[in-house]
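FYI, the numbering for the first sequence is 45 to 332, going by the numbering used here.
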Amino acid sequence: MHNQKELTIILGPTGVGKTDYSLELAKEYGSPIINCDSRQLFTEMRIGTAPPSPEQLACVKHYFIFSNSVQEFYTAGRYELEALALLQELFKEHDRLVMVGGSGMYIDALCNGLDDFPQADQQLRACLMKRLEQEGLENLRSQLKLIDNKSYQTIDIANPQRVVRALEVTLQTGRKFSDWKSVPKKVRPFEIKKIGLIRNRAELYNRINKRVDLMMADGLLEEVRSVLPYRNMPALKTVGYKELFDYIDGLTNLETAVDLIKRNSRRYAKRQLTYWGRDEEIRWYDQF
RNA sequence: AGGGGCAUAGUUCAAGGGUAGAAUAGCGGUCUCCAAAACCGUUGAUGGGCGUUCGAAUCGCUCUGCCCCUG
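Okay, structure coming up:
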């Protein structure tokens, strides 16, 4: 076996304790840490995304933390390419690397690859979103049925985001969305080990609730105010930010907004667990 | 202690004696680049006992618990 390179990915629901775990493992391996959290990427979001502390960042070299701006359109596809390139570079000097984060789709993109769709055309997407608003979902569905019936049959047509995406790819490329999706998993030139962290549900929820209070004490509201101009960017469709935008708009009071952040964080954690539930490659470790 | 009120899902609130509903929380699921996103589905209750009635969440008695008022 000439290939001894190994990537260890630490994943798990928000608030489970991934950051601390990753630092210990990285120290043991002498590895830097590659982030695979789709929100800790953004330099303007330093409180609401629970990134590593400045001390932790000083302790181990981190990649993909505060590396991008919320003004950019960042996607799982872009992450796949950039993270893969970085790994190739780092594996020249390391045999074992540590990756940590909670974005299931980003992890899948890195491990298995996405099909090579062209980059999304923001104008086309905006146009489709406008049609969605004006004509309604049913119209877009009908069109999808016409130009790519197989996608119509297989995707979740109750989900506007999916319908728009399938139409977008088909219209943009002249090739059916469903035809793009036939490629098998990509093979990566390194071994991948997935470590899942888990803990008792009630305790996890407690940790999440407390962490939200800490974020508020640390000035989350000010941070949210500072990114207000970019609130329509995908990066800011994020738990902790959405709810405080509503508060700033006067739609809720602060207490309600904070409660909603807690609830939505709990739900997010649950969805993460569901997402990973059928990934048999993950070895789960209960945290105490 | 005396007087009054209340008791329905984890919570907040419905149901003029006739199929106990809703909101919310909770739970479960979907997933090929907006993924901390966007969707889909779902469990669960009349405080205990006795009575009236063909039939009780609803009327009566009683017990328990909570709240208010008065010494």
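Every residue gets a Cβ at the ideal spot worked out from N, C-alpha and C, and that includes glycine.
Problem set entry | Whole-angstrom distance between glycine 284 and glycine 294, CA atom to CA atom | If you number the first sequence from 1, residue 294 lands on position 250. If you number the first sequence from 1, residue 284 lands on position 240. For glycine 294 and glycine 284, the distance between alpha carbons rounds to 16 Å.
Exercise. Roughly how many angstroms lie between the CA atoms of leucine 154 and proline 162, to the nearest whole one?
Worked result: The residue you call residue 154 lines up with position 110 of the first sequence. The residue you call residue 162 lines up with position 118 of the first sequence. Whole-angstrom Cα-Cα distance: 17 Å.
Exercise. If you run the structure through DSSP and keep just helix, strand and coil, what is leucine 141?
Worked result: By 1-based counting over the first sequence, the position of residue 141 is 97. The answer is strand: DSSP assigns leucine 141 an E or B state.
Problem set entry | Separation of leucine 131 from phenylalanine 234, as counted between CA atoms | The count along the first sequence starts at 1 and reaches residue 234 at position 190. The count along the first sequence starts at 1 and reaches residue 131 at position 87. Their Cα atoms are separated by approximately 9 Å.
Exercise. Within 10 angstroms of its Cβ, does lysine 254 collect 16 or more other Cβ (buried), or is it exposed?
Worked result: One-based indexing of the first sequence puts residue 254 at position 210. By the 10 Å Cβ count, lysine 254 comes out exposed.
Problem set entry | Cβ shell of lysine 220 (< 6 Å), same chain only, five flanking positions each side left out | Position 176 of the first sequence, counted from the first residue, corresponds to residue 220. Cβ within range, chain order: Asp192 and Thr214.
Exercise. Taking the alpha carbon of asparagine 244 as the point to measure from, which residue in Asp200, Ile199, Gln331 and Leu158 has its own alpha carbon closest?
Worked result: What you label residue 244 is simply residue 200 of the first sequence in a count that begins at 1. Ranking the options by Cα distance to asparagine 244, first place goes to Gln331.
Exercise. Going by beta carbon distance, what residues of the same chain come within less than 6 Å of serine 111, once the five residues before and after it are set aside?
Worked result: The count along the first sequence starts at 1 and reaches residue 111 at position 67. Excluding residues within five positions, the ones whose Cβ falls inside 6 Å are Leu85.
Exercise. How would you write the range of the alpha helix (DSSP H) that leucine 176 sits in, first residue to last?
Worked result: Numbered from 1 along the first sequence, position 132 holds the residue referred to as residue 176. Per DSSP, leucine 176 belongs to the alpha helix (DSSP H) from 166-179.
For this session: Sort Arg83, Tyr73 and Asn79 by Cα distance to leucine 280 and report the nearest one.
Result: The residue you call residue 280 lines up with position 236 of the first sequence. For the residues Arg83, Tyr73 and Asn79, the minimum Cα distance to leucine 280 belongs to Arg83.
For this session: Within the segment 176-253, note down every full beta strand (DSSP E) run reaching 3 residues or more, in order along the chain.
Result: 235-242
Problem set entry | 8 Å Cβ shell around arginine 90 - same chain, five flanking residues per side excluded | Residue 90 sits at position 46 when you count from the first residue of the first sequence. Excluding sequence neighbours, arginine 90 sits near Phe110 and Glu267.
Exercise. Taking one C-beta from the segment 52-71 and one from the segment 122-136 each time, how about it: are there three or more such pairs within less than 8 Å?
Worked result: no
Exercise. If you pair each beta-carbon of the segment 200-210 with each one of the segment 171-181, do three or more pairs fall below 8 Å?
Worked result: yes
For this session: Return helix, strand or coil for phenylalanine 289, following the three-state DSSP convention.
Result: Against the first sequence, residue 289 aligns to sequence position 245. Phenylalanine 289: helix per DSSP, three-state reduction.
Exercise. Over what stretch of residues does the beta strand (DSSP E) that includes arginine 327 continue unbroken?
Worked result: Position 283 of the first sequence, counted from the first residue, corresponds to residue 327. Per DSSP, arginine 327 belongs to the beta strand (DSSP E) from 326-330.
For this session: Report the three-state DSSP secondary structure of glutamate 50 (helix, strand or coil).
Result: Stepping through the first sequence from its first residue, residue 50 is reached at position 6. Of the three classes helix, strand and coil, the one that applies to glutamate 50 here is strand, per DSSP.
Problem set entry | Assigned exposure category for valine 114 - 16 Cβ within 10 Å defines buried | Residue mapping note: residue 114 aligns to position 70 of the first sequence, counting from 1. The residue is buried, with at least 16 neighbouring Cβ atoms inside 10 Å.
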